[in-house]
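Novice: Residue numbers (the working numbering): 7 to 202.
Glycine included, each C-beta is placed from N, C-alpha and C at the ideal position.
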Amino acid sequence: MKTLTRGILAGVLASVITAAPALTAVDPPPTCAMIYGAPIMALSESAAVNYLQLTNSGEYPAIYGAATLTDSGYHPHWDFTGGGIGVSGCVATSPWLAIGSSNGPRKPLYWTPTRVTTSWDAAYFQNVTAKATSSYSSTSTFLACQPKKPATSSSKPWKLYLLTDDTPGPSGAVPLYDVEVETCAKTQLYVVPIRG
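See below:
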């Protein structure tokens with residue numbers, strides 16, 4: 007009986023293995039399956055920015071790219087472990103929101119496949135806050151600006167920065183060359199609760 011069972015099992019395994027297509031060098035890598043959840047939404051006095059949603063400037067399911075605000079952003083189950091903000095749903099790699107460095111009060115935000123920023127304070131039903139570091143105080147204020155280059159889609163994404171100080175930048179601060187400065191608006195980011 008054991009031999010018969012082993013023979014049947016071996017036959018089933020052999021048919022499954024031979025039925026599976028072989029990966030070749032031209033096959034695209036597996037993509038992540040997004041689990042539908044809720045967006046992180048801009049709350050701003052600017053009508054143009056208010057209610058826009060956090061996303062990535064790269065093509066979905068990109069794990070690299072600038073953090074942007076658009077009409078339809080990420081809607082995942084968010085991962086807030088270890089002081090990060092990550093997109094759940096990818097098995098091997100998920101995009102994590104990171105704070106870039108700059109000499110001024112505007113810190114660029116970008117997505118990376120590893121959790122490099124561990125100073126976020128975020129959860130459902132609350133605003134996203136960057137905890138204090140040695141170079142700036144705790145803040146939940148962000149700056150959204152339209153890029154200078156025309157977008158190819160009808161919904162032009164807004165570049166997103168962490169604003170660490172409301173005062174004008176120091177003399178060595180990098181000016182915002184790649185955005186339309188007159189469009190910049192302060193905003194907060196609110197993690198919308200998942201509706202069941």
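Run through DSSP, which three-state label would VAL187 get?
Specialist: The answer is helix: DSSP assigns VAL187 an H, G or I state.
Novice: Tell me whether GLY89 sits in a helix, a strand or coil according to DSSP, three-state version.
Specialist: Helix.
Novice: For ASP171, which residues does DSSP report across the bridge?
Specialist: ASP171 is not bridged to any residue.
Novice: Assuming GLY89 contacts SER125 under a Cβ cut-off of 8 Å, what Cβ separation, rounded to an integer in Å, is found between them?
Specialist: Correct: roughly 6 Å between the Cβ atoms.
Novice: To which residues of the same chain is TYR196 closer than 6 Å at the C-beta, ignoring the five residues directly before and after it?
Specialist: MET47, LEU49, ASN133.
Novice: Output the distance between the C-alpha atoms of ARG112 and ILE200, rounded to the nearest integer angstrom.
Specialist: Rounded to the nearest angstrom, the two C-alpha atoms are 30 Å apart.
Novice: Please state the DSSP three-state secondary structure of ASN133.
Specialist: Strand, per DSSP.
Novice: Please report the straight-line C-alpha distance between THR139 and THR118, rounded to a whole angstrom.
Specialist: Taking the straight line from one Cα to the other gives about 20 Å.
Novice: Mind checking whether ALA54 and VAL198 have CB atoms under 8 Å apart?
Specialist: In this structure, VAL198 does not lie closer than 8 Å to ALA54 by Cβ.
Novice: Could you please give the first and the last residue of the uninterrupted beta strand (DSSP E) stretch that includes ALA44?
Specialist: Where ALA44 is concerned, there is no enclosing beta strand (DSSP E), given that its DSSP letter is neither H nor E.
Novice: Please report the residue range of the beta strand (DSSP E) in which ASN62 lies.
Specialist: Taken as a continuous stretch (DSSP letters only), the beta strand (DSSP E) holding ASN62 covers 59-62.
Novice: Span of the beta strand (DSSP E) holding LYS162?
Specialist: Segment: none, LYS162 is in no beta strand (DSSP E) and carries neither H nor E.
Novice: Using only CA atoms, which one of THR74, HIS81, GLU51 lies nearest to LEU115?
Specialist: The shortest C-alpha separation from LEU115 is found at THR74.
Novice: Just curious, the beta strand (DSSP E) that GLY106 is in, first and last residue?
Specialist: It is not in any beta strand (DSSP E) - GLY106 carries neither H nor E in the DSSP assignment.
Novice: ARG112 by DSSP, collapsed to three states: which one?
Specialist: Note: ARG112 maps to strand in three-state DSSP.
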